[in-house]
Amino acid sequence: MSVAPPNADFMVGQQPAVPGDRAPGPRRFSINLRQSGIYIAFAAIVLLFTILTGGDMLAPQNISNIIVQNSYILILAIGMILVIIAGHIDLSVGSIVAACGAVAAVLMVNHDVPWPLAVLITLLVGGLIGAWQGYWVAYFGIPAFIVTLAGMLLFRAVTYNILGNRGIGPFPDEVRTLSNGFTNGYLGNIGLGGLGGADLFSILIGVAAVVGIVVTQWRSRAGRLRFGQAVEPLPLFIAKIAIAAVVLLFVMVQLARFRNVPWVLVLLAALVLGYSLLTNRAVFGRQIYAVGGNLQAATLSGVKVKSVVFWIFVNMGVLAALAGVIFAGRLNQANPTGGDQFELDAIAAAFIGGAAVQGGVGKVVGAITGGLIMGVINNGMSLIGAASEQVLLVKGAVLLAAVAFDVWTKRRAGASR
Amino acid sequence: MSDVILRMRGISKTFPGVRALDDVNLEVLRGEIHAICGENGAGKSTLMKVLSGVYPHGDYSGEITFDGQECHFGGIRDSEHRGIVIIHQELALAPNLSIAENIFLGNEQSKRGLIDWNRTNAAAAELMRRVGLRENPVTPVIDLGVGKQQLVEIAKALSKQVRLLILDEPTAALNDEDSAHLLELLRGLRDEGITCVIISHKLNEVLEIADRVTILRDGKTITTLDAEGLTEDKIISGMVGRDLDHRFPPREPRIGEEVFRVEDWTVHSPTQHGRLLVAGANFTLRRGEIVGLAGLMGAGRTELAMSIFGRAYGVGISGRVFKDGREIRLRSVGEAIRHGIAYATEDRKRYGLNLIEDIKRNVSAAGLRKLARRGWVDDNEEFKVADSYRKSLNIKAPSVSSITGKLSGGNQQKVVLSKWIFTDPDVLILDEPTRGIDVGAKYEIYTIINKLAEDGKAILLISSELPELLGLCDRIYTLSAGRITGEVPRAEATQEGLMTLMTAGQEARR
Chain A
243 MSVAPPNADF MVGQQPAVPG DRAPGPRRFS INLRQSGIYI AFAAIVLLFT ILTGGDMLAP
303 QNISNIIVQN SYILILAIGM ILVIIAGHID LSVGSIVAAC GAVAAVLMVN HDVPWPLAVL
363 ITLLVGGLIG AWQGYWVAYF GIPAFIVTLA GMLLFRAVTY NILGNRGIGP FPDEVRTLSN
423 GFTNGYLGNI GLGGLGGADL FSILIGVAAV VGIVVTQWRS RAGRLRFGQA VEPLPLFIAK
483 IAIAAVVLLF VMVQLARFRN VPWVLVLLAA LVLGYSLLTN RAVFGRQIYA VGGNLQAATL
543 SGVKVKSVVF WIFVNMGVLA ALAGVIFAGR LNQANPTGGD QFELDAIAAA FIGGAAVQGG
603 VGKVVGAITG GLIMGVINNG MSLIGAASEQ VLLVKGAVLL AAVAFDVWTK RRAGASR
Chain B
5 MSDVILRMRG ISKTFPGVRA LDDVNLEVLR GEIHAICGEN GAGKSTLMKV LSGVYPHGDY
65 SGEITFDGQE CHFGGIRDSE HRGIVIIHQE LALAPNLSIA ENIFLGNEQS KRGLIDWNRT
125 NAAAAELMRR VGLRENPVTP VIDLGVGKQQ LVEIAKALSK QVRLLILDEP TAALNDEDSA
185 HLLELLRGLR DEGITCVIIS HKLNEVLEIA DRVTILRDGK TITTLDAEGL TEDKIISGMV
245 GRDLDHRFPP REPRIGEEVF RVEDWTVHSP TQHGRLLVAG ANFTLRRGEI VGLAGLMGAG
305 RTELAMSIFG RAYGVGISGR VFKDGREIRL RSVGEAIRHG IAYATEDRKR YGLNLIEDIK
365 RNVSAAGLRK LARRGWVDDN EEFKVADSYR KSLNIKAPSV SSITGKLSGG NQQKVVLSKW
425 IFTDPDVLIL DEPTRGIDVG AKYEIYTIIN KLAEDGKAIL LISSELPELL GLCDRIYTLS
485 AGRITGEVPR AEATQEGLMT LMTAGQEARR
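Chains as they are written, first to last, in this note's numbering: chain A, 243 to 659; chain B, 5 to 514.
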């Protein structure tokens, strides 16, 4: 008698399950907690400041402000989360923001280059800066920490050289609209009863977004079911979608009541959607996780590791350039000191949003949420008139707490083996 | 004379959802070498972690009596204080520190707060003499081979006045020569009065060295036996709970035409300039054939395989590769995969798997493009593929969304194999596919390998275990110091004959 039945069809002997092989139930919960903890924390923080500010936090104008004021950090956070998932870091993005803002200003203000072309050139410059850093990290093998620390100094120096130690402005109206402006009321206003008038177009965008979310989520769920995959229970699924829909509609209605949807929000939504798809579904996105999770295993699975890392830095450069244009457009001036310490906010956003220090873990939506958490703290504390050093204190504590929570859940999950 | 030095009684330890140890009893006699055998997941390592205080008192139930006193260890320092030292499978040495520094790490020989280097190095030299390590005490550990690093660990244990030495899979990474030396050393330590507990999958070693053997299965003590008169089959039947007549599944070889040929393959070391790792190797593989590659540790087996697999290792690589009679170039791993070549690494945790990802993403890692249309992955299809491998290869996990880092070694290895089977290769290079895997899972891996050969794939099997090569292969090449020293058909192969070829020409080169 042999241990395994000598059947032909690739089945190997069924054995009694060894206890160690069974994944125990409670772990599933802790993983969920780890993933959803960030959203719960976000909701709690928003709630806290809403109470502290007597509702001002969620006023139409304030919501609009939070989005517009943090847009460039959120754009940087999208690039940063990819860098961090791949197991690297980028300390230079603040300086790249400044340098690219300067390039855009010189092109548009000093040389009267048409603004679309100028923006395109600026993005290209950002890509080249990213390629420069990506080369040293990926192909030359210098740790990203060093390369981008050098880049932080280098590109700050470049900024001073371009601008000659003074600000350049003002920017064309179109650029300022992109950073600061709002979509036009294309369809006019409608009355919302006690809430007053609101922009119909903005509300329709919100409704369309909700429908889009419901349809895609439902189709994804149906697809998973068709393949016999585990899905979350239907009530939980519906509850999640419902909460998302309510939050989204609430934000859109508030925006519609103020001055319509800001253009940066449209841009941000497109970026979040695009990059979420990239990380979840694209081969390239998967390779980023593979590289960050186990570099050697990725290499031996045929992933072109160096090329992946290189392009992640190029991408970071382009996004930093975009943030640079928007930031400069918002201030209506490119400043030599602009973008100072943006890298720290972007990195903090990524880690608060659930990225792992070792790489291999992280989500675009998480980084956005992390960035919004910091934005809400900034905004809420200024609303209640807190001193700026206290804002720093709270932000530091939140960052530490978020990562400590992540490490703790991981250790608890890992302790069982 | 033979009194009990260690008694563990009624030990139970539960992890969330899993009962890892269930009323385990263990008695170790003073001055014996006591082996603990069991499949992966049987609870051996957990038991040793309880004993050494990794899981502190209160974390488990049951009692531990050492040398007549009941013990409540709060941590590893407490147990070391009593003279219980554990040497883990993965060595815990600081690679850039010297041998002497490592031996006295955490136990520095100091005078008024400053390290006394003369005393440190002299004491280290004395300990190194006891373990038979002939090196300069100031040599950095990173410059030593695994075998010698193991000796450093033992010297470190001796420096702590060890009375009970626990070794977890001490010879797993060692070649036969180093293993033999280590076993000899353990006998010497026993004669000096040091009691040893050894966990090992290598049953021949257990029989060779142990005085008594305790068998664990599914977290329970099955039995403790005298090694006198014990056989491997008896231990195995205790471990798996059934008789095992055939350690290797039967197979009718159906060998076709030549599919892969390597000519004059030469590889140089990437770290030591000019050092030859593989010198002018030639070999061929045929469809449906399992070909063994035997060689001692350091013979260049992995280097040969990885350099062929898209130059994943080594520099100054030269030679020619033919697939189906046509010469091909394999300049990158991606090219090798596209040409239908797969390489399953010997070190699955470091080189084979993304341990923080789930099963399905590991299975798809090398064949992601097969699941993608215009760069976008179909994740439902991915699930389906991974789930089919989970079923057909019997990967024990609740679903393919389980994290691979949580699986046992055998199941991790099945994930690695799934990954490569999914790339649909014609040539599979399997580097130590059963290393650190329990007997039952080994049999399953053998069945998979046979099935792959039956499907017409050519397999190059690298293994340190000669019985494994003899049990599975149709032909065996021997590699010694980077040179192919022999090609032996299955019918003519014997362990002794292979070993002679595997050591051929080494003396001349030194």
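Each residue gets a CB set at the ideal place from its N, CA and C atoms; glycine is no exception.
Cβ pair residue i, residue j closer than 9 Å
| i | j | result |
| --- | --- | --- |
| phenylalanine 284 of chain A | methionine 623 of chain A | no |
| alanine 462 of chain B | valine 295 of chain B | yes |
| glycine 448 of chain A | leucine 490 of chain A | yes |
| glutamate 74 of chain B | alanine 445 of chain B | no |
| glutamate 105 of chain B | phenylalanine 287 of chain B | no |
| isoleucine 360 of chain B | glycine 409 of chain B | yes |
| asparagine 304 of chain A | methionine 616 of chain A | no |
| tyrosine 393 of chain B | isoleucine 425 of chain B | yes |
| leucine 25 of chain B | glycine 223 of chain B | yes |
| isoleucine 570 of chain B | alanine 96 of chain B | Given a span of 5 to 514 for chain B in the structure shown, any question on residue 570 of chain B remains unanswerable. |
| alanine 399 of chain A | glycine 612 of chain A | no |
| leucine 168 of chain B | valine 217 of chain B | no |
| alanine 472 of chain A | serine 405 of chain B | yes |
| valine 339 of chain A | glycine 321 of chain A | no |
| aspartate 407 of chain B | glutamate 436 of chain B | The question names aspartate, but residue 407 of chain B is isoleucine in the sequence shown. In this structure, glutamate 436 of chain B does not lie closer than 9 Å to isoleucine 407 of chain B by Cβ. |
| glycine 136 of chain B | histidine 61 of chain B | no |
Any C-beta of chain A under 9 Å from that of residue i
| i | result |
| --- | --- |
| valine 319 of chain B | no |
| phenylalanine 387 of chain B | yes |
| leucine 334 of chain B | no |
| tryptophan 269 of chain B | no |
| leucine 359 of chain B | yes |
| alanine 370 of chain B | yes |
| serine 311 of chain B | no |
| glycine 356 of chain B | yes |
| serine 403 of chain B | yes |
| tyrosine 347 of chain B | yes |
Any chain B beta carbon closer than 9 Å to residue i
| i | result |
| --- | --- |
| lysine 637 of chain A | no |
| phenylalanine 469 of chain A | yes |
| arginine 572 of chain A | no |
| phenylalanine 526 of chain A | yes |
| aspartate 263 of chain A | In this prediction, aspartate 263 of chain A scores a pLDDT of 38, lower than 50, which makes its location untrustworthy; the coordinate-derived value is nonetheless stated afterwards. It does; some Cβ of chain B falls within 9 Å. |
| leucine 478 of chain A | no |
| valine 514 of chain A | no |
| lysine 546 of chain A | yes |
| serine 278 of chain A | no |
| tyrosine 531 of chain A | yes |
| asparagine 242 of chain A | Here chain A covers residues 243 to 659 and nothing more, so residue 242 of chain A does not appear. |
| leucine 519 of chain A | yes |
| asparagine 502 of chain A | no |
Burial state of residue i, where buried means 16 or more other Cβ atoms lie within 10 Å
| i | result |
| --- | --- |
| valine 453 of chain A | exposed |
| phenylalanine 424 of chain A | buried |
| tyrosine 347 of chain B | buried |
| histidine 272 of chain B | buried |
| leucine 421 of chain B | buried |
| arginine 513 of chain B | At arginine 513 of chain B the pLDDT is 39, less than 50, meaning the model places this residue with poor confidence; the figure from the coordinates comes in the next sentence. By the 10 Å Cβ count, arginine 513 of chain B comes out exposed. |
| valine 662 of chain A | The shown model of chain A, from 243 to 659, leaves out residue 662 of chain A, and the question about it has no answer. |
| tryptophan 650 of chain A | exposed |
| tryptophan 357 of chain A | buried |
| isoleucine 103 of chain B | buried |
| alanine 464 of chain A | exposed |
| valine 431 of chain B | buried |
| isoleucine 327 of chain A | buried |
Whole-number beta carbon distance between residue j and residue i, since they are thought to touch under 8 Å
| i | j | result |
| --- | --- | --- |
| lysine 164 of chain B | asparagine 111 of chain B | 7 Å |
- prompt: Hey, which unbroken runs of the alpha helix (DSSP H) at 4 residues or more fall wholly within the segment 235-318 of chain B?
  reply: 236-244, 305-312
3-residue-minimum beta strand (DSSP E) runs that sit fully inside the segment 127-202 of chain B, ordered along the chain: 168-172
message: If we require 4 or more residues per run, which alpha helix (DSSP H) segments fall completely within the segment 374-440 of chain A?
response: Assignment of alpha helix (DSSP H) within the segment 374-440 of chain A, counting only whole runs of 4 or more residues, yields 386-405, 415-422 in chain order.
- request: Within the segment 582-616 of chain A, note down every full alpha helix (DSSP H) run reaching 4 residues or more, in order along the chain.
  value: 584-594
query: What residues in the segment 590-606 of chain A bring their beta carbon closer than 7 Å to a beta carbon of chain E?
result: In the structure shown, chain E does not exist; the protein chains are A and B.
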